[in-house]
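Under my numbering, the residue at position 154 of the sequence shown is numbered 155, and the numbers go up by one with no gaps.
Below is one structure; the comments refer to it alone.
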Amino acid sequence: MKKQIERIISKPARPGMVGDGFRVFNYIPGGVTQQRISPFLMLDFNPSYDFGPSARVKGVDVHPHKGFETVTIAYKGAVEHHDSSGKHGIIYPGDVQWMTAGAGILHKEYHEKAFSKTGGPFEMVQLWVNLPKKDKSVAPHYQALTADGMGKAVLPDNAGVVNVIAGSFNGVAGPAETYSPVNLFDIKLNNGGQVTTRLAANHNTALLVINGKVTVNDQSAPEHSFVLFGNAGEEISINADGDAVVLLMSGEPINEPIVSYGPFVMNTEEEIHEAIQDFQAGKFGVLV
Ligand code: MN
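In structure tokens, the structure reads:
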């Protein structure tokens with residue numbers, strides 16, 4: 002049985018700036034509540050945009066996270082990051098950084114230095130994935146998932162390719178280790194290409210049309226729209242009308258209370274107060 006489409010959410014009217022380097026449209030929780038789309042907490046999309054050449058790197062300076070994971074998906078341009086555990090890296094097109102903030106971390110995220118100097122198209126997604134209560138205090142760590150390490154499903158009839166970041170697409174597994182069942186697929190379709198897959202009915206499921214336009218289960222989804230599926234049926238069929246890039250996500254709902262306060266996502270108000278106190282007391286480490 003085909004999954005029903007609950008709603009097609011249009012691109013928000015205006016972008017917001019995260020620091021001065023991320024020009025993002027917010028789909029979660031702007032278009033759908035965190036409870037409805039659990040375990041996903043936030044989805045910001047920076048559609049292709051040229052910030053121009055800059056001698057000073059643009060981005061977002063040192064800030065904390067606690068209680069969940071930030072997943073940064075690079076389509077164009079390059080993002081550099083540093084964190085309070087001493088880690089540093091660069092996320093290039095096709096790469097994904099899956100950071101588990103867990104007990105608490107400080108980091109900064111900005112345009113990679115060489116890319117900053119030249120400018121050029123910059124296209125990114127940041128997705129936040131909640132952690133189950135039992136895992137909210139794991140030591141912070143991250144997975145630097147590179148383009149060549151993704152699960153790869155080449156579609157028949159030259160339809161395109163599916164890069165499996167997390168979970169499993171038609172038997173092809175992705176490299177990300179997750180704390181609850183999550184599927185995350187970067188789908189690239191050629192003009193007229195078609196792909197069909199099945200995702201559990203009980204998973205909360207959505208897709209974002211990154212580039213191009215597609216038909217999803219017989220409904221038209223324009224560029225930059227967000228398709229929210231209902232929790233009945235399993236089959237999803239996507240047809241590309243021109244070349245298209247789609248980010249498909251699904252996850253088993255974490256049926257626990259969500260209390261969000263900016264970069265902290267916990268289960269109770271008390272835990273949020275503790276998180277703020279811990280951050281102010283310097284327990285997330287040091288990063289300048
Ligand atoms: Mn961050």
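C-beta: ideal position from N, C-alpha, C; glycine also.
Exposed or buried, residue i, counting other C-beta atoms within 10 Å across all chains shown (16 or more means buried)?
| i | result |
| --- | --- |
| A140 | exposed |
| A14 | exposed |
| V155 | exposed |
| N164 | buried |
| A241 | buried |
| T269 | exposed |
| T119 | exposed |
| P258 | exposed |
| V289 | exposed |
| M151 | buried |
| V210 | buried |
| N205 | buried |
| P65 | buried |
| A160 | buried |
| A177 | buried |
| E272 | buried |
| P40 | buried |
| S221 | exposed |
| H89 | exposed |
What three-state label does DSSP hand residue i in the structure shown?
| i | result |
| --- | --- |
| D149 | helix |
| T206 | strand |
| N159 | helix |
| H83 | strand |
| D96 | coil |
| F116 | helix |
| D136 | helix |
| P40 | coil |
| D187 | strand |
| K214 | strand |
| M2 | coil |
| N192 | coil |
| E110 | strand |
| V289 | coil |
| G175 | coil |
| S181 | coil |
| P122 | strand |
| L128 | strand |
| G103 | coil |
Going by CA-CA distance only, name the one from the options that's closest to residue i.
| i | options | result |
| --- | --- | --- |
| T179 | Q5, D21, W99 and F265 | W99 |
| V63 | V72, K214 and Y111 | Y111 |
| V246 | N268, F285, V196 and L229 | V196 |
| K12 | I29, K3 and G20 | I29 |
| G95 | H274, R8 and T73 | T73 |
| F116 | N159, L288 and F52 | F52 |
| I91 | G60, V97 and E81 | E81 |
| I166 | S226, Q144 and A276 | Q144 |
| N1 | K59, S49, P54 and T206 | Within the shown structure, residues of the chain are numbered from 2 to 289, placing residue 1 beyond reach of any answer. |
| A201 | E236, A79 and I9 | E236 |
| D136 | L248, P176 and A104 | A104 |
| K59 | M18, F227 and D45 | M18 |
| I10 | D21, N27 and G263 | N27 |
| T34 | V260, A276 and E271 | V260 |
| R199 | V215, A233, K214 and G175 | A233 |
| T147 | Q36, Y93 and F123 | Y93 |
| L42 | S169, P157 and Y262 | Y262 |
For residue i, decide whether its Cβ has a neighbour in chain D, counting only Cβ atoms nearer than 7 Å.
| i | result |
| --- | --- |
| V58 | The structure shown contains no chain D, having only a single protein chain. |
*3 or more residues per run - each beta strand (DSSP E) lying fully within the region 223–283*: 227–230, 236–252, 260–262 and 265–267
*Only counting runs of 3 or more residues, tell me where the beta strand (DSSP E) segments fall wholly within the region 9–84, in order along the chain.*
17–19, 23–29, 41–51, 60–66, 69–77 and 80–84
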